[in-house]
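First comes the structure, then the notes that go with it.
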Amino acid sequence: MSGKRVIGILLTGSLLLTGSVASAKKKKAAAAEGDFQPEEAPAGDQPSKVLERAFKLYDGEDFYSASIELSKVVEGESGDAEVNKQKAEFWMGKALYNMKYYSASLSYFDRIVQKGPSHAYYNATLKWLASLSRQLPDSTGILEKIGKYNRAELDQPALEKVRDELYFLLGKFYYQKGNFKEAVELFQSVPATSDFYVEAKLFEGATHVREYQAKPAVEAFKEVLRTSAQSEDPRIVVYQDIANLSLARTFYSTGQYDLAVKYFDKVSQDAFDWANSLFESSWANFMLKDKGYSKALGNIHTIQAPFFDEYIKPESVAEGMTVKATIYFYNCLYDRAEEAIGDFNAIYPQVFQELKKLITGTTDNGELFEVAVKIRKQTSGLPEQVERAARGVLGDQSINRRFDYVAELDHELKLYDKSDASWKSTNIAQNVFADLTLQRSLAVNEAGDLARRRIKRLTEELAQLIKRVIKIEYEILAGQKGELEEEVKQEQQVIQGRSARHGSEIRADDEHEMWPFNGEYWRDELGYYRVKIVNKCGGAAPEGAPSTGEAAPAPAAGGAEGGGGADTGGGAPAPAGGDVP
15 MSGKRVIGIL
25 LTGSLLLTGS
35 VASAKKKKAA
45 AAEGDFQPEE
55 APAGDQPSKV
65 LERAFKLYDG
75 EDFYSASIEL
85 SKVVEGESGD
95 AEVNKQKAEF
105 WMGKALYNMK
115 YYSASLSYFD
125 RIVQKGPSHA
135 YYNATLKWLA
145 SLSRQLPDST
155 GILEKIGKYN
165 RAELDQPALE
175 KVRDELYFLL
185 GKFYYQKGNF
195 KEAVELFQSV
205 PATSDFYVEA
215 KLFEGATHVR
225 EYQAKPAVEA
235 FKEVLRTSAQ
245 SEDPRIVVYQ
255 DIANLSLART
265 FYSTGQYDLA
275 VKYFDKVSQD
285 AFDWANSLFE
295 SSWANFMLKD
305 KGYSKALGNI
315 HTIQAPFFDE
325 YIKPESVAEG
335 MTVKATIYFY
345 NCLYDRAEEA
355 IGDFNAIYPQ
365 VFQELKKLIT
375 GTTDNGELFE
385 VAVKIRKQTS
395 GLPEQVERAA
405 RGVLGDQSIN
415 RRFDYVAELD
425 HELKLYDKSD
435 ASWKSTNIAQ
445 NVFADLTLQR
455 SLAVNEAGDL
465 ARRRIKRLTE
475 ELAQLIKRVI
485 KIEYEILAGQ
495 KGELEEEVKQ
505 EQQVIQGRSA
515 RHGSEIRADD
525 EHEMWPFNGE
535 YWRDELGYYR
545 VKIVNKCGGA
555 APEGAPSTGE
565 AAPAPAAGGA
575 EGGGGADTGG
585 GAPAPAGGDV
595 P
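Structure, rendered in structure tokens:
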């Protein structure tokens, strides 16, 4: 029976669950016109009357009319020279941005990026790519477009106002491509005074983790804690949660389970992924053997509370039941282990079968997208436990961004429908509509594909858990018959120096009280449940048995046999996501 779970640390472009503070500040000026004026126009032929008219309309903020005139120039209808066509192309991207057609705007700026430095507005486009990155998800390929530029091109004086942001974005691009050395250099180039400093440090730490370099990873995450502790911005607390969770996972991966538990416990209850963090903490406590069993079981009890239906990963609850069964098994509490297995079997084999039917019976990604939308709205008509499990894997920040992007495209299509009929009859309007229609089709397919992969991954994890449960059932039966293999006997926890009749004592300090759990969950008790363990293996520990350590008194009391109180160590575990380190 495997005694250790591997907790991975990955950071995606979705890292920051609630959105970045820097992005929140920047979005207040959505049409960042003041910050994004290009350099002096290149020398060349005089602009045509059409182009001059387009500029006047643009300056007057009549962006719809300006887009019509700019389109004539771009398509060669005005007789303008190439240098003026390039100018019109750049202004077209700006006009569409100000019209809030972000997808179409990106398409025009992409034309410039593909032409490279030969385009007169190649460098100026970087500023607008930075602005669009706040409106569009990474899945639109915006990081790849920024990745066309090299570090030297980011250092030009004209980019001073957005340089830190561009360092961060280009670093994310290199991180996703696995170019870790370049990524770290860029993240470290973001100064401490920048709005993007904390995010850059988080990604720097995650990059070190990807390179199996725990020491610099820990330093980067601790710098996030130091910086956020000095900040007066209440939104910065999300970074503290992510840093604490990242440190906990890093220490877990290096076998430092006491430190892992310490940092899991520092994550606030307000964090998006607090429930999943409680589950991960239960594994760290499990690895502490007798010292952590009570808290591990208390955490597993906590994540089964109804408050977490929208936040806990279904596989975490399912796996938690197997951890619970394993702890009872190691303590020869076979009846309690059988109860945990029974709870698992009452739900998850059926969930597994229904989810398999869902992904095999819906072969088209577009069709699965529509089903996923209903699942997220709780209107799919699937059995409650099945819908809840599917919803659990369709709600992280990475997949949210893809569904949000489809919603953004739908919004832009509605904006198009409501626009003036005379504008809709023009070439540029038809181009915008065609782009929106194409991008929505691609976005729906991508979101449906990601939903499929998430549900498929869940079924694979459930399949492994079902196999694990079968093995635990076999071991329980063997244990009841006294026929355990020697290797398993050596893993069973035997409390040395104690009477087999006395479990680890649960105590509350002077500031807290102990209350028995009466079947009803209370929010202020979540995270502080403890379960009393009475080891029934008896006898002395077999040679080679794992070290037990001393049973640590729980500062907070209660549990599945008691609850309530607050841990003086600073709260219960939490955050990120999916898509963090």
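Using this note's numbering, the first residue of the sequence shown is number 15, and each one after it goes up by one. Beta carbons are placed, not taken as given, at the ideal position from N, Cα and C, and that holds for glycine.
Quiz prompt | Span separating the alpha-carbon of ALA95 from that of ALA102 | solution = 11 Å
Quiz item: Taking the alpha-carbon positions, what's the LEU200 to LEU540 distance?
Solution: 40 Å
Quiz prompt | Supposed contact pair ALA332 and TYR342 - C-beta distance, whole angstroms, cut 8 Å | solution = That pair is no contact at about 17 Å.
Quiz item: Enumerated in chain order, which unbroken segments of the alpha helix (DSSP H) with a length of 4 residues or greater are wholly contained in the stretch 121-198?
Solution: 136-147, 156-160, 165-168, 177-191
Self-check item: Cβ-based neighbour list, PHE265, same chain, cut-off 6 Å, excluding 5 preceding and 5 following
Solution: LEU273, ALA274
Quiz item: How would you call ALA351, buried or exposed, if buried means at least 16 neighbouring beta carbons within 10 angstroms?
Solution: buried
Quiz item: Roughly how many whole angstroms lie between the Cα atoms of ALA228 and THR268?
Solution: 8 Å
Self-check item: LYS99 versus GLN128 - alpha carbon distance
Solution: 15 Å
Practice problem: Note the first and the last residue of the continuous alpha helix (DSSP H) segment covering ASN258. | Solution: 251-267
Quiz item: Which first and last residues belong to the alpha helix (DSSP H) in which ASP304 is found?
Solution: Note, ASP304: premise wrong, no alpha helix (DSSP H); not H, not E.
Quiz item: Which of the three DSSP states, helix, strand or coil, is assigned to LEU369?
Solution: helix
Quiz item: Which term fits ARG544, buried or exposed, when burial requires 16 or more other beta carbons within 10 angstroms of its beta carbon?
Solution: buried
Exercise. Specify whether the stretch 174-189 and the stretch 135-144 touch according to this definition: at least 3 beta carbon pairs, one from each stretch, less than 8 Å apart.
Key: yes
Practice problem: Helix, strand or coil for ARG471, going by three-state DSSP, please let me know. | Solution: helix
Practice problem: Could you tell me the distance, in whole angstroms, from the CA atom of GLY185 to the CA atom of LEU452? | Solution: 29 Å
Quiz item: Using 8 Å as the limit for Cβ to Cβ distance, is GLU199 near chain B?
Solution: You won't find chain B in this structure, because it holds only one protein chain.
Practice problem: Could you name the residues of the same chain whose beta carbon sits closer than 7 Å to that of GLY219, not counting the 5 residues immediately before and after it, in chain order? | Solution: ALA231, ALA234, PHE235, SER260, PRO595
Exercise. Identify whether LYS280 lies in helix, strand or coil by the three-state DSSP scheme.
Key: coil
Quiz prompt | ALA477 to LEU369 span [Cα, whole Å] | solution = 11 Å
Quiz prompt | Sequence-distant residues of the same chain with beta carbon closer than 7 Å to ARG468, five excluded per side | solution = VAL407, LEU408, ILE413
Quiz item: Which whole-angstrom value is the C-beta distance of GLU91 and ALA68, which I expect to be below 8 Å?
Solution: The pair is not a contact, with the Cβ atoms about 12 Å apart (cut-off 8 Å).
Quiz item: How many angstroms separate the CA atom of LEU71 from the CA atom of LYS159?
Solution: 29 Å
Practice problem: Return the CA-CA distance between MET106 and LEU140, expressed in angstroms with no decimal places. | Solution: 15 Å
Quiz prompt | Rounded separation between SER241 and PHE531 - CA only | solution = With the sequence shown as reference, residue 241 is identified as Thr, and Ser is not the correct amino acid for it. Taking the straight line from one Cα to the other gives about 40 Å.
Quiz item: In chain order, what residues of the same chain lie with their CB nearer than 7 Å to the CB of VAL204, ignoring the 5 residues before and after it?
Solution: ASP178, TYR181, PHE182, PHE210, TYR211, ALA214
Quiz item: Since LEU429 is in the alpha helix (DSSP H), which residue starts that stretch and which ends it?
Solution: 411-432
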